[in-house]
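Q: First to last, the protein sequences are chains A and B.
Per this note's numbering, the first sequence starts with residue 1, numbered consecutively.
Per this note's numbering, the second sequence starts with residue 1001, numbered consecutively.
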Amino acid sequence: MVASLQSAADIVNVSLARVGWKQQIGSLYDGSQAAQIALNVYGQTRDEMLRKVNPDFAMRNIAMTLLKSAPPGGYVPAVSPWDPTTNPPVGYLFEYQYPADCLKARAVKPMPIFFPNVDPRPYVFAIDNDNYYTPPKRVILCNVSNALLVYTGRVTDPSTMDVMFVEALTEALGEKLAAALTGGDAAKFEASESQGETIAAAAEQG
Amino acid sequence: MSDYLPTNVANQALDAIGWPDVLGDIEGGSREAQISLRAYRQCLQQLLRAANWSFARKQAPLQLLADASGNTPNVGTQVPQPWIYEYEYPTDCMRVRFIPWNLNNQADLVPSNNIQIPSTPLVTGIGQQPWLGLRIRPARFVVSTDFNYPPPGGSQTWDVQGVSPAGRTVILTNVRYATAGYTSLVLYPNLWDSLFRAALVAYLASEIALPIWSKLDRNFGLKVRDEQVAIVKAKLIEARLLDGNEGVPSSDIAVDWMRTRRGGGNWNGWGGGWDGAGGEGGSYWGSNDSLMLANGATF
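1. Against chain A, with Cβ distances strictly below 8 Å, would residue 1026(B) count as a contact?
2. Run through chain A and tell me which residues come within less than 9 Å of residue 1040(B), C-beta to C-beta.
3. Report the neighbours of residue 1029(B) on chain A: residues whose CB is nearer than 7 Å to its CB, in chain order.
4. Among 79(A), 37(A) and 139(A), whose alpha-carbon lies nearest the alpha-carbon of residue 183(A)?
5. Mind the definition here: the segment 1139-1154 of chain B touches the segment 1170-1181 of chain B only if three or more C-beta pairs lie below 8 Å; say whether that holds.
6. Is there at least one Cβ from chain A nearer than 8 Å to residue 1242(B)'s Cβ?
7. Relative to the C-alpha of residue 152(A), which residue among 61(A), 18(A), 5(A) and 175(A) is closest?
8. Which value, in whole angstroms, describes the spacing of the CA atoms of residue 1080(B) and residue 1160(B)?
9. Going straight from the alpha carbon of residue 1017(B) to that of residue 1092(B), what length do you get?
10. Have a look at residue 1033(B) and residue 113(A) and give me their C-alpha separation to the nearest angstrom.
11. Strictly below 9 Å CB to CB, what residues from chain A border residue 1034(B)?
12. Give me the Cα-Cα distance between residue 1195(B) and residue 1240(B), rounded to the nearest whole angstrom.
13. Which of helix, strand or coil does DSSP assign to residue 61(A)?
14. According to a CB-to-CB cut-off of less than 7 Å, which residues of the segment 51-62 of chain A neighbour chain B?
15. What residue does the beta strand (DSSP E) around residue 130(A) start on, and which one ends it?
16. Quick one: does residue 88(A) have its CB under 8 Å from some CB of chain B?
17. Rounded to the nearest angstrom, what separates residue 98(A) and residue 1041(B) at their Cα positions?
18. Mind pulling the chain B residues with CB within less than 7 Å of residue 135(A)?
19. Residue 16(A) and residue 24(A): beta carbons closer than 8 Å?
20. Can you list, in chain order, the residues of its chain with a C-beta nearer than 6 Å to that of residue 141(A)? Leave out the 5 residues immediately preceding and following it.
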């Protein structure tokens, strides 16, 4: 079920109510004390929760962009030695670009020839920072050619979020707002206490 | 969507261990999906080996790699003794059940002084000896690894069963133009026997119960695992009984004196007389394997 809260301000207002803050905000940019604090923590908390819960609505699939690959015949001294500017780290055949909106890489898989795929297999991958680029690039290393990436993407529109996820987000946000607005009194404790259960429910609902 | 997908099987296994979530796609990358995916194919392959499932039976010609007699062009001649022919292990073969043999595919390497069928037919004009209706008997064979015939360079060997840059899995036998009856890898769940599917669900559940529950309730995970192991055992007993009741039983007792009646004199190790199906070592039947279970037991 899609959440009835339609904007980031709606979510922040629910969080403020949870911690007992009397005033609401008009938007994250209205300049009030609560809005300024919420603006600082909202994006980070939302991304943190998306990564933690891995909800279905945030799942994305893309064909990755190849950056580097190992020579087909392997590394042969004096013929095709390992060159970190054109080859991935030793141990991997391919290096792909990390998507800009990716919060968590879930799985790497080859492009299926037949669909549905009745021979699913696990493929190992690793996240790395390639320091041979300037500035360094975040990359995905694996041994799958023409690989697809399944990942949790950054979802910024609350209207496309699941209602249970929004509930978990308001709780997590409330915990941080309480600490900043009330100086860490009982409200903070109250908000954090039930957070574990809500996160589990959000994960279950997808 | 169809009920015949690996994701459906994995979801049944998750149900069996009491996990509250379901998978949209076994390749979706969630923790449960990753654990299920790592176990899925291994469970499938091991369970296929654990009984002679009728639905998985396949008979196919084998690809010749080497002929010790040197009579076959374009193949090698190095074959481990005392065998004559070396064949590729089929890439979809989970377990070889038997190599059928009859008079039409006997070995053409007959040692001198052996009793053999005369090369000149006793009666002419009858055409080729009919294949149909001839008595087929299992020939001796052995599965081995040979380092003499690695695959061609550039092959993607790490993803194919029985093939490596250093060598490959082979079948050794004395049967010319051999075919093999074997348990094949059947990936499509809609081809599975319902008993097999139930056993696979329980087997997969027993493998994933502990890793999935380990963070929340390890003891519950252990308890569920043991319950599922018991279900796997019950299903396998049923499957092995059905194998004996429905068709040709998968075990065969080779009695020496009966085997000798069909063979001529032995000759320094080629054995089995003229028929080419004999030989030293190897076996006539590949019986089903024991199944390794998640609690450390074998069945």
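For every residue, glycine included, the Cβ atom is placed at its ideal position computed from N, Cα and C.
A: In terms of the structure at hand:
1. The beta carbon of residue 1026(B) falls within 8 Å of a beta carbon belonging to chain A, placing the residue at that interface.
2. For residue 1040(B), the C-beta contacts it makes with chain A under 9 Å involve 120, 121 and 122, in order along the chain.
3. Listed along chain A, the residues sitting closer than 7 Å to residue 1029(B) by beta-carbon distance are 106, 107 and 150.
4. The shortest Cα separation from residue 183(A) among 79(A), 37(A) and 139(A) belongs to 37(A).
5. Enough Cβ pairs lie closer than 8 Å, so yes.
6. Taking Cβ atoms only, chain A never reaches closer than 8 Å to residue 1242(B), which makes this a no.
7. Checked all of 61(A), 18(A), 5(A) and 175(A); the closest Cα to residue 152(A) is 61(A).
8. Between residue 1080(B) and residue 1160(B), the C-alpha separation is close to 24 Å.
9. Between residue 1017(B) and residue 1092(B), the C-alpha separation is close to 31 Å.
10. Using only the alpha carbons, I get a separation of about 21 Å.
11. At a beta-carbon threshold of 9 Å, the residues of chain A lying near residue 1034(B) are 106, 107 and 122, ordered along the chain.
12. Each residue's alpha carbon lies about 11 Å from the other.
13. Residue 61(A): strand per DSSP, three-state reduction.
14. Against chain B - using a Cβ distance shorter than 7 Å - the residues of the segment 51-62 of chain A are 54, 56 and 59.
15. Start and end: 125-130.
16. By this cut-off, residue 88(A) is not an interface position.
17. The straight-line gap separating the alpha-carbon atoms of residue 98(A) and residue 1041(B) is approximately 29 Å.
18. Those do not exist, as residue 135(A) stays about 28 Å from chain B at its closest Cβ, beyond 7 Å.
19. Pairing residue 16(A) with residue 24(A) gives a Cβ-Cβ distance under 8 Å.
20. Excluding the 5 residues flanking it on each side, residue 141(A) has same chain C-beta neighbours closer than 6 Å at 88, 92, 95, 126 and 128, in chain order.
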